[in-house]
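Asks: Could you have a look at this structure, given as structure tokens, before my questions?
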Amino acid sequence: RSRDRFNAHELTLDSKAGFESLNYALKTLAKITAPFTPFIAEEIHLQLLAEGDKQSVHLEDYPQGNDKLIDTALEHAMSEARAVIEAGRRLRAEKKLKTKQPLAKAVLILKEKPSKQLEQVLEIAREELNVKKLEFDSATDEYETSDFATLEYEEGNYLVLETTLTDELKAEGIANELVRNIQVARKLAGLQIFDEVSEVTVSKKYELPQDLLEDLAKQVRAKKIVFGKTSANAVEAVVNGEKIKISVVK
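Going by the working numbering, the letters in the sequence shown line up with residues 844 to 1093, in that order.
In structure tokens, the structure reads:
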């Protein structure tokens, strides 16, 4: 989920928070593991060395726990969110809907009123479920049609997914698959995350709206996306069940 935070084109407050959290976690991990894996811990520490740090991880103080930083209510809410996300994956597998394929809506029907903490992490659940909307409702009756899939993931708690795919949703699903496969092609071409390319060519023509094409180019750091004949070093991929080729021009 953090990929977009670290792959941002500019340093935002969100991406900065992501980098700082990762830095803190890795530095703390190095200190904790130093007595057991001294050389790996030292390498991590040296790679992240900053002003004020000791020159060796073995000179640092061993981390101490801080109960004040523990938010049990938030941890419980995240556990609930993970249960919802896992239920969504099970429903997608049952209905043969790819994770990359966006859906219009998900509905939570809970036996108890959602906690304030759960409402705070709903956006995380919505993104992981890959749905446009995540709503609450009180009963499953109106969702007992072929347009919806329902799962009781905990006693009295249900997740409903709207499974009907519009042309817009299908196009977005294809764009998401293209992003993943182009990123693979970039990696095989020896490109780093922040390297920009002049052109990405896809062998099969996809009718994608202009805004999706622009977003696709932005995500893969390409000046333009072209549909047509690929170069000799093109990478094979599978998009929407079809084999295609993708080439990257630096």
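All C-beta atoms, glycine included, are put in the ideal place defined by N, C-alpha and C.
Is H888 buried or exposed, if buried means 16 or more other CB atoms sit within 10 Å of its CB?
Replies: Against the sequence shown, residue 888 aligns to sequence position 45. The residue in question, H888, is buried, as its Cβ has 16 or more Cβ neighbours within 10 Å.
Asks: If you drop the 5 nearest sequence neighbours on each side, which residues of the same chain put their C-beta closer than 8 Å to that of T876?
Replies: One-based indexing of the sequence shown puts residue 876 at position 33. Cβ neighbours of T876 beyond the five flanking positions: I883 and A884.
Asks: By the DSSP assignment, the alpha helix (DSSP H) with I913 in it spans what residues?
Replies: Here residue 913 refers to the residue found at position 70 when the sequence shown is read from its first residue. Neither: I913 is in no alpha helix (DSSP H) and is coded neither H nor E.
Asks: Taking only three categories from DSSP, how would you classify F1132?
Replies: Outside the shown range of the chain, which is 844 to 1093, sits residue 1132, and nothing can be said about it.
Asks: Would you kindly work out how many angstroms separate the C-alpha atoms of L1021 and K874, rounded to a whole number?
Replies: Position 178 of the sequence shown, counted from the first residue, corresponds to residue 1021. Position 31 of the sequence shown, counted from the first residue, corresponds to residue 874. Cα to Cα, L1021 sits roughly 40 Å from K874.
Asks: What do you get for N1076, buried or exposed, if any count of 16 or more other CB atoms within 10 angstroms of its CB means buried?
Replies: What you label residue 1076 is simply residue 233 of the sequence shown in a count that begins at 1. With fewer than 16 Cβ atoms within 10 Å of its Cβ, N1076 is classed as exposed.
Asks: Would you say the region 1010 to 1024 touches the region 1036 to 1055, given that touching needs at least three Cβ pairs under 8 Å?
Replies: The region 1010 to 1024 is in contact with the region 1036 to 1055.
Asks: Can you tell me whether DSSP reads F979 as helix, strand or coil?
Replies: To locate residue 979, count along the sequence shown from 1; it is residue 136. Strand at F979.
Asks: Quick one: Cα of E998 to Cα of E1042, how far?
Replies: Here residue 998 refers to the residue found at position 155 of the sequence shown. Here residue 1042 refers to the residue found at position 199 of the sequence shown. If I take the Cα positions, the gap works out to 51 Å.
Asks: Whose C-alpha, out of S899, H919, I1036 and T942, is nearest the C-alpha of K1061?
Replies: Translated into the one-based positions of the sequence shown, residue 1061 becomes position 218. For the residues S899, H919, I1036 and T942, the minimum Cα distance to K1061 belongs to I1036.
Asks: Can you tell me which of the three DSSP states V1063 falls into?
Replies: Here residue 1063 refers to the residue found at position 220 of the sequence shown. V1063 falls in the coil class under three-state DSSP.
Asks: Given 8 Å as the limit, is there contact between the region 945 to 965 and the region 902 to 922, that is, 3 or more CB pairs closer than that?
Replies: Output reads yes: the region 902 to 922 touches the region 945 to 965.
Asks: Using 8 Å as the cut-off, can you tell me whether the region 901 to 915 makes contact with the region 949 to 956, which would need three or more C-beta pairs spanning the two stretches below that distance?
Replies: Touching, no, given that fewer than three Cβ pairs across the two stretches are closer than 8 Å.
Asks: Report the start-end ranges of each beta strand (DSSP E) in the region 1032 to 1082 that is 3 residues or longer and not cut off at the edges.
Replies: Runs found: 1042 to 1045, 1068 to 1070 and 1078 to 1082.
Asks: For S981, which of Q1026, K956, D990 and S858 has the nearest alpha-carbon?
Replies: Taking the first residue of the sequence shown as 1, we reach residue 981 at position 138. The residue with the shortest Cα to Cα distance from S981 is K956.
Asks: Identify, in the order they occur along the chain, each residue of the same chain with its Cβ nearer than 7 Å to the Cβ of N1024, setting aside the five sequence neighbours on each side.
Replies: The count along the sequence shown starts at 1 and reaches residue 1024 at position 181. Within the same chain, N1024 has close Cβ partners A1080, V1082 and I1089.
Asks: Indicate whether the contact test is met: 3 or more Cβ pairs, each with one atom in the region 892 to 911 and one in the region 935 to 944, closer than 8 Å.
Replies: The region 892 to 911 vs the region 935 to 944: no contact.
Asks: DSSP has E1085 in a bridge; who is on the other side?
Replies: Locating residue 1085 in the sequence shown gives position 242, where the first residue counts as 1. According to DSSP, which records beta bridges pairwise, E1085 is partnered with V1082.
Asks: With DSSP run on the structure shown, which of helix, strand or coil describes N973?
Replies: As a working note, residue 973 is residue 130 in the sequence shown. If DSSP states are grouped into helix, strand and coil, N973 belongs with coil.
Asks: How should G1033 be labelled, buried or exposed, when 16 other C-beta atoms within 10 angstroms of its C-beta is the threshold for buried?
Replies: Against the sequence shown, residue 1033 aligns to sequence position 190. Its Cβ having fewer than 16 others within 10 Å, G1033 is exposed.
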